[in-house]
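Structure first, commentary second.
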């Protein structure tokens, strides 16, 4: 399909569920700035009156899933359900994942997918938009916040005009790597095989519905730990499990050190990796943190 305005609806909105009108999701394809179609779902806030919480009406969460996830995966839907009492939720499938177009670049061009989803949330009327990312999505929300922030670090990559409407008001990165090319755990060595070997990309395509681009990065994108200092003054939360099987604790600590006093670090006892390991009570705490700091 041809390129269009990021956030532009590429086909008629469909409504896959039929509960109440107020809670009926909207589903559509968005166009990124480089013309990739992104399968996206909008869930209105499940408004529960609580005088101790800020109003959920103007807040939207944009959830960035991990590698091999997609908008229909149960663990992604669960994240949306738990965050919904705190605000509306936009979920989407990264390029190369599920029904989205293109091929995965494993954290590089995915910032454009996230930018399109953030713009859509703002077009739907939300004045406060927070990004919440897991694993690969955790690295993407960090890079997106830097590239689309106020420091101008993204001008060379996306251009000053490309930032319009795509910035975030708060960032939560869960189970993210700090640096690229990490192979220090068996799970990351297996993931590198999937990404770098032709036979691995076949397994990914047919086993995980994830289509990976065969070309390597050129140039190598700014790493998460390089991005973090450029996120301020946007509120930043880094969350990591102490038994993460992909990235050990030096990764979140590197990110927190790079953030300095600006970032907040939660090391979660007994937590593994990303969405599957994020308990409902942790997601609810993330929702409360965002509601109190976004905007």
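Numbering (the working numbering), first residue to last: 14 to 308.
Here a beta-carbon is modelled for each residue, glycine too, at the ideal position from N, C-alpha and C.
For residue i, three-class secondary structure by DSSP
i	result
residue 267	helix
residue 39	strand
residue 279	strand
residue 152	helix
residue 117	strand
residue 300	helix
residue 139	coil
residue 286	coil
residue 44	strand
Residues near residue i by beta carbon distance below 6 Å, same chain, minus five either side
i	result
residue 12	Outside the shown range of the chain, which is 14 to 308, sits residue 12, and nothing can be said about it.
residue 252	187 and 279
residue 277	250
residue 113	51, 52 and 106
residue 368	Past the edges of the chain, shown from 14 to 308, lies residue 368, and the structure says nothing about it.
residue 43	20, 51, 53, 129 and 133
residue 218	224
residue 272	241 and 249
Close beta carbons around residue i, own chain, < 8 Å, minus the five adjacent residues each side
i	result
residue 363	Given a span of 14 to 308 for the chain in the structure shown, any question on residue 363 remains unanswerable.
residue 285	254, 256, 257 and 258
residue 294	none
7 Å Cβ shell around residue i - same chain, five flanking residues per side excluded
i	result
residue 124	153, 156, 157 and 160
residue 87	none
residue 139	71, 72, 73 and 101
Residues bridged to residue i [DSSP beta-bridge criterion]
i	result
residue 144	75 and 184
residue 105	53
residue 314	Here the chain covers residues 14 to 308 and nothing more, so residue 314 does not appear.
residue 225	117
residue 157	Residue 157 pairs with nothing; no bridge assigned.
Worksheet item: Pairing CB atoms from the region 230 to 246 with CB atoms from the region 202 to 217, are three or more of them under 8 Å?
Response: no
Discussion item. Would you call the region 227 to 235 in contact with the region 253 to 261, where contact means no fewer than 3 C-beta pairs closer than 8 Å?
Written reply: no
Item to complete: For the region 187 to 212, list the alpha helix (DSSP H) runs that are entirely contained and at least 4 residues long, ordered along the chain.
Response: 199 to 209
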